[in-house]
Amino acid sequence: MGLAEALVQVEAPEKRDEDLKEFTGLGSTRPKFAAALAILLFSAMGLPGTAGFLGKFFVLRPLIGGGAVTAAVLAILITVIASAYYLKLIMLIYMPQRDPDESYRGWRKGPADIVIFLCEGFSLISGLWPRLVGRILP
């Protein structure tokens with residue numbers, strides 16, 4: 002949910018940003034937002050220490066245990082392909098600087114930022130301390 006909201010904040014609604022220029026240099030213009038977006042992207046990749054890792058683990062483990070190895074391999078392959086796209090976004094966020102001649106969309110700040118940061122926090126807390134979250138959420 003947080004990742005979807007973060008991407009909505011970045012994308013311009015009036016046009017498609019097919020070259021993803023709105024992500025360029027986001028780490029220098031909005032560092033907290035960029036860090037939250039990067040953590041949510043790492044969670045979507047399923048890196049350890051995030052809720053995404055636990056989600057993938059608890060889905061793939063029964064698949065493999067139940068003999069559906071082909072489905073598990075397909076899920077892992079899709080995750081690897083998606084991770085390449087997520088890494089491209091993270092590189093755009095932190096690597097290049099914005100071109101001063103380009104026009105960029107102005108940023109909206111508001112309640113959506115709160116949702117993004119709450120989701121980022123939940124992803125980290127549930128990834129790092131899953132037992133704590135397991136006690137809170139049955």
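Numbers 2 to 139, taken from my numbering, label the letters of the sequence shown in order.
C-beta: ideal position from N, C-alpha, C; glycine also.
Spanning the alpha carbons of Q98 and A39 requires a straight line of approximately 17 angstroms. Taking the CA atoms as reference points, F43 sits about 11 angstroms from Y86. Contact annotation, A83 with L61: C-beta distance approximately 15 angstroms; criterion of less than 8 angstroms not satisfied. As the crow flies, the alpha-carbon of L21 is around 16 angstroms from that of T30.
By the 16-neighbour rule on beta-carbons within 10 angstroms, L129 is exposed.
Its Cα nearest to that of E23, the residue I91 stands out among V134, G135 and I91.
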